[in-house]
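The block underneath contains the structure these notes are about, expressed in structure tokens.
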Amino acid sequence: MARMTHSDPHTPRLLTCDVLYTGMGGAQSPGAVVVVGGTVAATGHPDTLRAAYPHAREERAGSVIAPPPVNAHTHLDMSTYEFTALPYFRWIPEVVVPQREKRSAEAARHGADSLAGLGAGGVGDIVYMHAPDVMDTLLPREDLSGVLYYEVLGTFPEKADEIFRTVRERIEGWRAVERPGGPRVGLSPHTPHTVSHRLMRLLCDYAAGEGIPLQIHVAEHPAEHDLYTRGGGPIWDNRLAPFYPDTFAEVIGRAPGEGLTPVRYLDELGVLNAKPTLIHMVNVTPDDIARVARAGSAVVTCPRSNHHLDCGVFPWAAFAAAGVEVALGTDSVASGGSLDVREDVAFAQRLHPGLDPRVIVRAAVKGGHRVLGTRAPFIRRGETWDDRYRW
């Protein structure tokens, strides 16, 4: 029998980590994987695997072993923006608006290339309404999976039908060229306060009827509560006319009032019946969380972006206690800093020291795939080992 050496490719390797998530069930800590000749032989607790494979060559694989994490929310067409950390109401006029011409198909291509290089497990990308060629650029890519959400804005209710007809025509054209295993086409009514009540209902009813995935930015900044409770505050005061109607009541089709929140508004409008994925959800009430849980909607948190824009801290433990599916995203590089969602995982572990890190890792993998309707690969006996599993 040939003597095994450290250079022998069939020498078992015992790869250890702080958190192991195989793509099935819950994560475990600590964890380990035995790899023999490029194939997974076993997974489990390091002590158990040391006893079962006493001759295995042990090595530290990193903090996490798991399938590649999913970037469940980003804006690839902003990938050539400069990263800038500023309070929200300075960031928009000083960063987003001056660089608006950078939102392009070329920028999206650059971002998609970066994701491919990172080995991302999938992406939930928002395609800017005024750059529809981004969809034409990203949809055929064979190295991209997930959902490309076409973003829609429009606050004037009287223009809702016209906007909806244009959007539906575009969506149907793009869906006709979807490929099995490739990106799917989705819709993103931008926010509850930048899409009129009539347009929001048209878009969400259409999406629900056609099985089109939805993402909506909701409750990102504390000022959104001012807007819904009294129809004013920083968001309204900083609006760019003539984008908004004369009063906020025209946008939402009702008078703002005490106790009204963006989430409650969407629920009472019937939007949550379409089970949209809700992005950010930082500034929410216990009632908001309960409504999301009852609706069965998932949420995506963007920890670095929310921190850089002074938006607050996502109440992860409360959502977890309510049984809400959570995923992670980077948001754009302009606010997140990079497209590597593993950096958001690490940041979230520091931001939520009381939260079990296994919950965060699972969210980055299983949560992301559930949001996008895709499947994570499994790390189990007989499967091929992939070094992208080492975070």
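Using the UniProt record's numbering, the first residue of the sequence shown is number 1, and each one after it goes up by one.
Even for Gly, the Cβ is constructed at its ideal location relative to N, Cα and C.
Fair warning: this is a prediction, and the values are worked out from it, not measured in the lab.
- Per DSSP, the continuous alpha helix (DSSP H) segment holding Asp136 begins and ends at Asp133 to Leu138.
- Only residues of its own chain outside the window of five on either side were considered, and among them Thr261 and Val263 have a CB closer than 6 angstroms to the CB of Asp288, listed in chain order.
- Residue environment analysis places Glu82 among the exposed positions, since fewer than 16 neighbouring C-beta atoms fall within 10 angstroms of its C-beta.
- If you draw a straight line from the Cα of Ala85 to the Cα of Glu106, it comes to about 24 angstroms.
- For Val96, DSSP records no beta bridge to any residue.
- In the pairwise beta carbon analysis, the region 158 to 178 is classified as not touching the region 226 to 242: fewer than three pairs are separated by under 8 angstroms.
- Sequence-distant Cβ neighbours of Leu351 in its own chain, meaning closer than 6 angstroms and more than five residues away, are Pro303.
- The Cβ atoms of Asp310 and Pro87 lie closer than 7 angstroms to each other.
- Close CB contacts of Thr285 within its chain, under the 7 angstroms cut and outside five residues either way in sequence, are with Thr261 (chain order).
- Classified as exposed, Arg294 has fewer than 16 neighbouring CB atoms from the shown chains inside 10 Å of its CB.
- Between the region 144 to 151 and the region 89 to 104, the count of C-beta pairs closer than 8 angstroms stays below three; the two stretches do not touch.
- At a cut-off of 3 residues, the continuous stretches assigned as beta strand (DSSP E) that sit fully inside the region 234 to 296 are 277 to 280.
- The beta carbon of Asp267 lies closer than 8 angstroms to those of Arg291 and Ala295 in the same chain, with the five residues before and after it left out.
- Here Ile235 has Ala223 and Leu227 as same chain residues with Cβ atoms under 6 angstroms from its own Cβ, once five neighbours each way along the sequence are excluded.
- Distance between Val299 and Pro68, taken at the CA atoms: about 19 angstroms.
- Here Tyr244 has Thr155 as same chain residues with Cβ atoms under 6 angstroms from its own Cβ, once five neighbours each way along the sequence are excluded.
- Here Lys366 is buried, its C-beta having at least 16 other C-beta atoms within 10 Å.
- With contacts defined as CB atoms closer than 7 angstroms, Thr11 and Arg57 qualify as a contacting pair.
- If you keep only unbroken beta strand (DSSP E) runs of at least 3 residues inside the region 170 to 228, you get 184 to 189 and 215 to 218.
- Under the 8 angstroms Cβ criterion, the region 11 to 22 counts as touching the region 34 to 44, having at least three qualifying pairs.
- A direct Cα-Cα distance of roughly 9 angstroms separates Arg388 from Leu118.
- Distance from the Cα of Ala72 is smallest, within the candidate group Tyr128, Arg380, Ala249 and Ser145, for Ser145.
- Assigned with DSSP and collapsed to three states, Arg103 falls in coil, not helix or strand.
- A contact between stretches requires three or more CB pairs, one per stretch, nearer than 8 angstroms, and the region 270 to 284 meets this requirement with the region 197 to 215.
- Here DSSP, grouped into helix, strand and coil, assigns Thr166 to helix.
- In summary, Asn306 is buried, with 16 or more beta-carbon neighbours lying within 10 Å of its beta-carbon over all protein chains present.
- Annotated three-state conformation of His308 is helix, per DSSP.
- Annotation: the continuous alpha helix (DSSP H) that includes Leu351 extends over Val341 to Leu351.
- When the five nearest sequence neighbours on each side are left out, the beta carbons in the same chain lying within less than 7 angstroms of the beta carbon of Ser332 are those of Thr74, His75, Met78 and Tyr81, in order along the chain.
- For Asp125, the secondary structure class from DSSP, reduced to helix, strand or coil, is strand.
- Our two residues, Gly368 and Arg362, have alpha carbons roughly 9 angstroms apart in a direct line.
- Non-local C-beta neighbours of Pro213 in its own chain, meaning closer than 6 angstroms and more than five positions away in sequence, comprise Val147 and Gly186, ordered along the chain.
- Shown here, Ile379 sits in coil according to DSSP, grouped into three states, outside any helix or strand.
- With a beta-carbon spacing of about 6 angstroms, Gly38 and Thr384 fall inside the 8 angstroms limit used to define contacts.
- Of the candidates Leu355, Val371, Asp133 and Gly182, the residue whose Cα lies closest to the Cα of Ala327 is Val371.
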